[in-house]
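One structure is given here, and the rest of the page talks about it.
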Amino acid sequence: NKISIFYIFCFFVESIFSFIFFFLGGGGLLGKVWTCCPENWKSFSSSCYFFSTDAKSWNSSQENCSRMEAHLVVINSKEEQDFLTQNMAKTAAYFVGLSDPEGHGHWQWVDQTPYNQSATFWHPGEPNHSEERCVIVNHPSTSLKWGWNDIPCKDHQGSVCEMMNFYL
71 NKISIFYIFC
81 FFVESIFSFI
91 FFFLGGGGLL
101 GKVWTCCPEN
111 WKSFSSSCYF
121 FSTDAKSWNS
131 SQENCSRMEA
141 HLVVINSKEE
151 QDFLTQNMAK
161 TAAYFVGLSD
171 PEGHGHWQWV
181 DQTPYNQSAT
191 FWHPGEPNHS
201 EERCVIVNHP
211 STSLKWGWND
221 IPCKDHQGSV
231 CEMMNFYL
């Protein structure tokens, strides 16, 4: 598919440039780490991110990410949360890869990363409803900062997809 072909092409082109820079002395580029994300994706740490404001349900958003060989974003740190919110439109809300499929407070990340209650970014009072089983990141007008909110999975919101970054 297109993503796989892109990665192969990216690897080929960046390998050639790395080889040339290495043998030509490379100037300040010697030792540079090359990363490769698809066009219109943003790189941070070891991942590539695609921000979509197209309003879809949580399931449709996850399917859309899967078609791009990615998954809804899994937020592992404050640094990652900050990177994400710096690239989000304040007027939009974005689905992330966290859900509570049974509505019993057992939150699960799409990639099976363990849910760590101490490393979450819920708005005060959230999560607050057992029928709201999917999570968005939003910046409500009543709040001074970004945070997580549980909402019904059938609601239509934007989304953030994540895939592993390719390093050279």
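So the sequence shown is residues 71 to 238, counted in this note's numbering. In this text, a Cβ means the ideal position worked out from N, Cα and C, and glycines have one as well. Quick caveat: nothing in here was measured; it's all calculated off a predicted structure.
| Check | Outcome |
| --- | --- |
| Would you say the region 177-187 touches the region 148-161, given that touching needs at least three Cβ pairs under 8 Å? | no |
| Ordered along the chain, which non-local residues of its own chain (more than five positions away) have a Cβ less than 6 Å from that of Asn219? | His193, Glu196, Ile206 and Asn208 |
| In angstroms with no decimal places, state the Cα-to-Cα distance between Glu232 and Asn157. | 14 Å |
| What residues are listed by DSSP as bridge partners for Asp220? | Val205 |
| Leaving out the 5 sequence neighbours to the left and right, which residues in its chain are closer than 6 Å to Thr123 when beta-carbon positions are compared? | Ala162 and Gly228 |
| Taking all protein chains shown into account, decide if Arg203 is buried (16 or more other Cβ within 10 angstroms of its Cβ) or exposed. | buried |
| Would a C-beta distance cut-off of 8 Å place Trp128 and Phe165 closer than the cut-off? | yes |
| Would Tyr164 pass as an interface residue toward chain D - the criterion being a Cβ-Cβ separation below 8 Å? | Included in the structure is just one protein chain, with no chain D present. |
| For a test of the three-state rule: what should DSSP assign to Gly228, helix, strand or coil? | strand |
| Can you grab the Cα-Cα spacing for the pair Ala125 / His226, in whole Å? | 5 Å |
| So which of Ser136, Asn198, Glu149 and Val143 has the shortest CA-CA distance to Cys118? | Val143 |
| Determine the direct distance from the alpha carbon of Ser200 to that of Asn186, and round the result to whole angstroms. | 19 Å |
| For Lys112 and Phe236, what's the separation of their Cα atoms in angstroms? | 12 Å |
| Exposed or buried, Ser147, counting other C-beta atoms within 10 Å across all chains shown (16 or more means buried)? | exposed |
| So Asp152 is in the alpha helix (DSSP H); what residue range does that whole segment cover? | Lys148 to Gln156 |
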